[in-house]
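Contents: one structure, followed by commentary.
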Amino acid sequence: MQVAVVGAGVIGVCTAYFLAEAGHEVVVIERRNNVAEEASFGDSGILAPSSIAPWAAPGVPQSFSSYLLKAESPLFFNRVLDPSLWRWMRRWLKESDIARYQINRERMQRIAFYSSDIMQQLRDRHQLDYEQAAGYLQLFRSERDLQLAKPGIDFLAANGIRHDLPDADALRAIEPALNTNTPLAGSLHLPADESGNCPLFTRQIRQLAQAMGVEFHFASNVKSIRQIARGVDIRIDDYSYSADKVVLASGADSAKLLAPMGVHLPVYPVKSYSATATIRNFESAPIAAVFDEAYKVAITRMGNRIRIAGTAELGARTQELRQAALNTLLKVGYDWFPDACNLNTASFWSGTSLMMPDGPPVLGATPVRNVYVNIGHGATGWAMAAGSAKVVADIVSDHTPDIDLDGLTPMRFG
Numbered sequence: 001m002q003v004a005v006v007g008a009g010v011i012g013v014c015t016a017y018f019l020a021e022a023g024h025e026v027v028v029i030e031r032r033n034n035v036a037e038e039a040s041f042g043d044s045g046i047l048a049p050s051s052i053a054p055w056a057a058p059g060v061p062q063s064f065s066s067y068l069l070k071a072e073s074p075l076f077f078n079r080v081l082d083p084s085l086w087r088w089m090r091r092w093l094k095e096s097d098i099a100r101y102q103i104n105r106e107r108m109q110r111i112a113f114y115s116s117d118i119m120q121q122l123r124d125r126h127q128l129d130y131e132q133a134a135g136y137l138q139l140f141r142s143e144r145d146l147q148l149a150k151p152g153i154d155f156l157a158a159n160g161i162r163h164d165l166p167d168a169d170a171l172r173a174i175e176p177a178l179n180t181n182t183p184l185a186g187s188l189h190l191p192a193d194e195s196g197n198c199p200l201f202t203r204q205i206r207q208l209a210q211a212m213g214v215e216f217h218f219a220s221n222v223k224s225i226r227q228i229a230r231g232v233d234i235r236i237d238d239y240s241y242s243a244d245k246v247v248l249a250s251g252a253d254s255a256k257l258l259a260p261m262g263v264h265l266p267v268y269p270v271k272s273y274s275a276t277a278t279i280r281n282f283e284s285a286p287i288a289a290v291f292d293e294a295y296k297v298a299i300t301r302m303g304n305r306i307r308i309a310g311t312a313e314l315g316a317r318t319q320e321l322r323q324a325a326l327n328t329l330l331k332v333g334y335d336w337f338p339d340a341c342n343l344n345t346a347s348f349w350s351g352t353s354l355m356m357p358d359g360p361p362v363l364g365a366t367p368v369r370n371v372y373v374n375i376g377h378g379a380t381g382w383a384m385a386a387g388s389a390k391v392v393a394d395i396v397s398d399h400t401p402d403i404d405l406d407g408l409t410p411m412r413f414g
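Counting with UniProt numbering, you get residues 1 to 414 for the letters of the sequence shown.
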């Protein structure tokens with residue numbers, strides 16, 4: 001079949017790769033000038049299926065008021081009068097009890113662990129090197145942070161997922177450069193997880209996909225998609241392209257393409273930020289990746305650079321850099337690795353990804369014939385990208401996916 005993929009972030013490029021591997025003629029349509037130039041560009045670099053969890057978790061809604069009062073916060077609001085924001089927030093709040101959290105986390109980890117297996121296969125098959133580093137460390141500044149993390153730690157124990165709760169000596173062995181002057185109530189170590197460079201990985205998969213015949217069309221804006229007798233018609237700027245099937249991996253643009261076809265999913269765009277700086281003192285830099293639970297910020301080693309990424313801004317409509325969010329990144333970076341690099345010379349970035357109120361992505365066929373989606377991964381897109389792409393390619397090809405798709409398809413929203 002001729003299959004079009006809309007979007008050339010890590011999700012779309014992986015989808016194209018697996019569709020081509022299944023024998024289809026694939027075209028990728030991207031509005032930017034290269035792959036991984038939007039949400040994938042500033043990705044935190046975390047590949048941690050063990051720790052993937054929905055944002056809707058017990059205790060998190062109660063933390064909102066304290067977030068709003070902090071100068072450096074993990075969460076920012078914009079356009080507070082936006083009705084679509086509050087509709088999404090109401091659905092999100094309903095997903096924050098312990099029962100829903102456990103269901104949603106199991107769904108997210110099902111696709112994330114599958115994706116980890118697929119990533120391993122890709123790495124072994126193609127000898128990929130994307131500046132990966134083993135191990136992932138979560139840091140809890142206060143007893144409250146530890147208490148909020150308890151449902152997640154209990155989930156790890158109940159599901160037999162390897163993890164450690166290192167003491168101070170063990171923590172220093174894992175990350176020797178970690179600043180001991182910053183208050184720390186505890187930590188969680190996930191030795192089987194990893195981190196790496198998402199844009200570098202995406203470019204490598206693009207090359208592999210092109211070698212299988214995938215065509216990439218850049219600087220091409222998809223205006224609309226409609227059904228035709230033998231597939232779909234895709235309106236791109238001032239011309240049309242027809243295909244047998246189309247997969248939307250278009251991130252924040254997906255909702256406006258789906259709505260005219262009568263497909264309304266409860267997605268909402270969430271803006272995040274990152275800072276990337278060259279390492280100045282390697283002995284003072286992290287070995288792998290750490291995550292500050294209080295501020296929801298990751299610090300990741302990428303070769304000779306450090307990336308600090310996180311925070312969430314709801315209601316943003318532009319890519320303008322919010323200084324308060326950048327201040328949060330800088331605070332976390334200097335708190336934990338103060339001598340690693342000069343963050344005042346860092347490159348700053350912001351980007352938008354789509355988030356579902358319950359957490360898991362939406363994969364597979366929509367009610368519109370020949371239209372498929374691979375969207376809604378939020379800030380953890382790379383950790384689910386390879387597995388999601390393989391699942392969607394199997395569905396498009398009328399093959400049975402390797403994992404149970406309960407709770408991962410558009411059908412969960414009725």
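Each residue gets a CB set at the ideal place from its N, CA and C atoms; glycine is no exception. These figures come from a predicted structure and were not determined experimentally.
So the alpha helix (DSSP H) residue i belongs to, where does it begin and stop?
{"i": "Ile308", "result": "Taken as a continuous stretch (DSSP letters only), Ile308 belongs to no alpha helix (DSSP H), being part of the beta strand (DSSP E) at Arg305 to Leu314."}
{"i": "Tyr130", "result": "Element bounds for Tyr130: n/a, residue is neither H nor E."}
{"i": "Glu143", "result": "Glu143 to Ala158"}
{"i": "Phe201", "result": "Cys198 to Ala211"}
{"i": "Asp169", "result": "Ala168 to Ile174"}
{"i": "Arg90", "result": "Pro83 to Lys94"}
{"i": "Leu257", "result": "Ser254 to Leu258"}
What's the C-alpha gap between residue i and residue j?
{"i": "Val247", "j": "Gly310", "result": "28 Å"}
{"i": "Ile236", "j": "Leu258", "result": "15 Å"}
{"i": "Ser73", "j": "Trp92", "result": "20 Å"}
{"i": "Gly7", "j": "Ala285", "result": "34 Å"}
{"i": "Asn34", "j": "Thr352", "result": "17 Å"}
{"i": "Ile11", "j": "Ala346", "result": "27 Å"}
{"i": "Val371", "j": "Ser66", "result": "42 Å"}
{"i": "Asp394", "j": "Thr400", "result": "6 Å"}
{"i": "Asp193", "j": "Val263", "result": "36 Å"}
{"i": "Thr15", "j": "Ser397", "result": "12 Å"}
{"i": "Pro361", "j": "Asn304", "result": "32 Å"}
{"i": "Arg32", "j": "Gly186", "result": "42 Å"}
{"i": "Arg412", "j": "Gly387", "result": "19 Å"}
{"i": "Gly359", "j": "Gln323", "result": "27 Å"}
{"i": "Leu85", "j": "Leu314", "result": "8 Å"}
{"i": "Val214", "j": "Met1", "result": "13 Å"}
{"i": "Leu139", "j": "Ala298", "result": "10 Å"}
{"i": "Asp169", "j": "Ala158", "result": "26 Å"}
{"i": "Ala211", "j": "Lys223", "result": "29 Å"}
{"i": "residue 416", "j": "Asp292", "result": "For the chain, the structure presents residues 1 to 414; residue 416 sits outside this window and is missing."}
{"i": "His126", "j": "Lys296", "result": "33 Å"}
{"i": "Phe155", "j": "Leu137", "result": "17 Å"}
{"i": "Pro260", "j": "Pro83", "result": "20 Å"}
Note down, in chain order, each residue of its chain lying with its Cβ closer than 7 Å to the Cβ of residue i, except the 5 sequence neighbours on either side.
{"i": "residue 429", "result": "A question about residue 429 goes unanswered here, because the residues of the chain that appear run from 1 up to 414."}
{"i": "Ile98", "result": "Pro58 and Pro151"}
{"i": "Asn342", "result": "Ala277 and Arg280"}
{"i": "Pro199", "result": "Ala36, Ser40 and Phe41"}
{"i": "Ala252", "result": "Pro269, Thr352, Ser353 and Leu354"}
{"i": "Gln109", "result": "Pro49 and Ile52"}
{"i": "Pro357", "result": "Ala56, Trp88, Arg91, Trp92, Glu95 and Pro266"}
Tell me which residues share the same chain as residue i and place their Cβ nearer than 6 Å to its Cβ, disregarding the 5 neighbours each side in the sequence.
{"i": "Ser116", "result": "Pro49"}
{"i": "Arg226", "result": "Asp233"}
{"i": "Leu330", "result": "Leu343"}
{"i": "Phe18", "result": "Ala389, Lys390 and Ala393"}
{"i": "Glu25", "result": "Gln2"}
{"i": "Leu75", "result": "Tyr67 and Ala312"}
Residue i by DSSP, collapsed to three states: which one?
{"i": "Thr380", "result": "helix"}
{"i": "Val232", "result": "strand"}
{"i": "Ala4", "result": "strand"}
{"i": "Arg31", "result": "coil"}
{"i": "Asp335", "result": "helix"}
{"i": "Asp402", "result": "coil"}
{"i": "Asn327", "result": "helix"}
{"i": "Tyr67", "result": "helix"}
{"i": "Phe218", "result": "coil"}
{"i": "Met356", "result": "coil"}
{"i": "Thr300", "result": "strand"}
{"i": "Tyr273", "result": "strand"}
{"i": "Thr278", "result": "strand"}
How should residue i be labelled, buried or exposed, when 16 other C-beta atoms within 10 angstroms of its C-beta is the threshold for buried?
{"i": "Ala350", "result": "Sequence inspection shows Ser at residue 350; the Ala mentioned does not correspond to that position. When all chains shown are included, Ser350 counts as buried."}
{"i": "Ile228", "result": "exposed"}
{"i": "Arg162", "result": "exposed"}
{"i": "Leu190", "result": "buried"}
Where do the ends of the beta strand (DSSP E) carrying residue i lie?
{"i": "Val60", "result": "That residue, Val60, is in no beta strand (DSSP E); it is neither H nor E in DSSP."}
{"i": "Ala289", "result": "Ala289 to Asp292"}
{"i": "Ile76", "result": "In the sequence as presented, Ile is not what sits at residue 76; that position holds Phe. Where Phe76 is concerned, the enclosing beta strand (DSSP E) stretches over Leu75 to Phe77."}
{"i": "Tyr239", "result": "Tyr239 to Ala243"}
{"i": "Gly186", "result": "Gly186 to Ser195"}
{"i": "residue 415", "result": "Residue numbering for the chain in the displayed model covers 1 to 414; residue 415 lies beyond these limits and cannot be assessed."}
Taking 7 Å as the cut-off, does the CB of residue i come closer than this to any heavy atom belonging to the ligand ATP?
{"i": "Val232", "result": "Among the components modelled here there is no ligand, and therefore nothing to report on the ligand ATP."}
Tell me which same chain residues have a C-beta within less than 8 Å of the C-beta of residue i, skipping the five on either side of it?
{"i": "Asn181", "result": "none"}
{"i": "Leu128", "result": "Leu122, Phe201 and Gln204"}
{"i": "Ser250", "result": "Val6, Gly7, Gly12, Val222, Leu257 and Ile375"}
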